[in-house]
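All letters in the sequence shown, in the order written, are residues -1 to 256 by my numbering.
Quick reminder that beta carbons are idealized off the backbone N, C-alpha and C, glycines included.
Just so you know, these numbers come straight off a predicted model, no measurement behind them.
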Amino acid sequence: MEIQQGLSFLGEQLLEKGLITHDDLQKAESFQKRIGGRTAAVLTRIGAISEDKLLQVLSEMLHIPVADAQELPTDPRVFCQCIEKSGIETDWWIDQEALVWEGADKQICCIARDPLNDSLAEVLNRVFPDRNVDFFLTCNYDLDRLLDTVSRLKSAMSHGENDIEQLRELAEEAPVIEFVNNLLSQAYNQRASDVHVEPGEHILEVRFRRHFIHPFFSATRAIRRDFFPDQADFRHGHCRTPSASGRTTEPTSERRQR
């Protein structure tokens, strides 16, 4: 997700919320003058702020809700069916870096690299004149993944039934793929060096291990601490947390129902 906004206004909002520093803002301005690029992309690229936090701020500013991976369709055929109804070639949507699908209330839902693109909104209103159009913000990773899946499905449809059957099988495995993607995403956000998965008969146990990282690599800030309590000490695969009495305790690892 990339939004065309001035650094001054967006930067002021982020500074007020304490999400970036003045140094971060100066670096972003310098980067944008030398190389160009959109504000949101620049701020995340230099490690000033995580994309998840930036999405929340933009959502408040633009009054556009955020759609995470769990809220997006996992079957690429859902997008292809809506694209077919639009009467516009799939390649156009891929080039625009935008995808549409039909919501539960028959509204048209859209995710795009730049949801404020006036030409995109104009096209949507023209091809779906009797439908409400709802835009959503989403992270670049999820958008890129879905664009690639839709592109592959289009390619399969032009090469024969065997490829289509293969993609249908992939669609059926989507819940597993989604779980793995979310697991890796959390590991990345937590800067985990290892992910240990221990399947049981009814319980899937997941352990994250994080080694201490040189400050140079800490520019990408972890924002989700679901698995790591505050002041946790990670060494050799163990997580020890000081208790109120000063003693150390070992919290249980994350357990997921299969």
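Give the secondary structure of residue i by DSSP, where H, G and I count as helix, E and B as strand, and everything else as coil.
i, result
"F126", "coil"
"H194", "strand"
"I18", "coil"
"K25", "helix"
Does any heavy atom of the ligand PLP sit closer than 6 Å to the C-beta of residue i?
i, result
"V76", "Inclusion of the ligand PLP in the displayed structure is not the case, the ligand content being empty and no account of it being possible."
Give me the residue from the options with the minimum Cα distance to residue i.
i, options, result
"N138", "D22, A119, V64", "V64"
"S156", "E120, Q188, T88, D103", "T88"
"I62", "F206, F77, E82, P113", "P113"
"F39", "H20, E49, R32", "Here residue 39 is Ala; the residue named in the question, Phe, does not match the sequence. When only C-alpha atoms are compared, the closest one is E49."
"K15", "M59, E27, G35", "M59"
"Q54", "L8, S183, R43, T19", "L8"
"C78", "T147, V121, L182, N187", "T147"
"S149", "A102, T37, H20, Q94", "Q94"
"D66", "E199, D140, Q11, C107", "D140"
"E69", "I109, L122, A96, R124", "I109"
"D73", "L181, E199, L145, P197", "L145"
"S153", "E199, R75, S183, V193", "R75"
"K83", "R124, A119, V193, P71", "R124"
"N180", "A96, R143, N115", "R143"
"R111", "R36, S28, D21, G198", "R36"
"S117", "P197, A96, D103, A102", "A96"
"L23", "Q184, E10, G198", "E10"
Could you tell me the boundaries of the beta strand (DSSP E) in which residue i lies?
i, result
"D132", "131 to 134"
"R205", "201 to 207"
Cutting at 8 Å between CB atoms, please list the residues of its own chain near residue i, excluding the five before and the five after it.
i, result
"Q105", "R129, N130, V131, D132"
"T42", "S48, E49, L52"
"S57", "P63, V64, L135"
"K25", "I44, A46"
"R223", "Low confidence applies to R223: its pLDDT is 39, below 50, so where it sits in the model is not reliable enough to give any reading."
To which residues of the same chain is residue i closer than 6 Å at the C-beta, ignoring the five residues directly before and after it?
i, result
"A217", "With a pLDDT of only 35 at A217, under the threshold of 50, the placement of this residue in the model should not be trusted; the figure read from the coordinates follows. Around A217: G45."
"R233", "Residue confidence for R233 is low, a pLDDT of 39 falling below 50, so the modelled location carries little weight; the figure read from the coordinates is stated next. Answer for R233: no residue qualifies."
"F177", "none"
"C107", "W99, G101, D132"
Starting from residue i and walking both ways along the alpha helix (DSSP H), at which residues does that stretch end?
i, result
"D112", "D112 -> no alpha helix (DSSP H), and no H or E assigned at all."
"R150", "138 to 155"
Quick one: what's got a C-beta closer than 7 Å to residue i's C-beta in the same chain, skipping five residues either side?
i, result
"I81", "T88, W91, V98"
"P127", "none"
"P71", "F77, W99"
"F29", "V40, I44"
"L12", "I18, I47, V55"
"G85", "V125"
Please specify which runs of the alpha helix (DSSP H), each continuous and at least 4 residues long, are wholly inside the region 37 to 106, giving them in chain order. For the region 37 to 106, whole alpha helix (DSSP H) runs of length 4 or above, ordered along the chain, are 37 to 43, 49 to 60, 74 to 84, 88 to 94.
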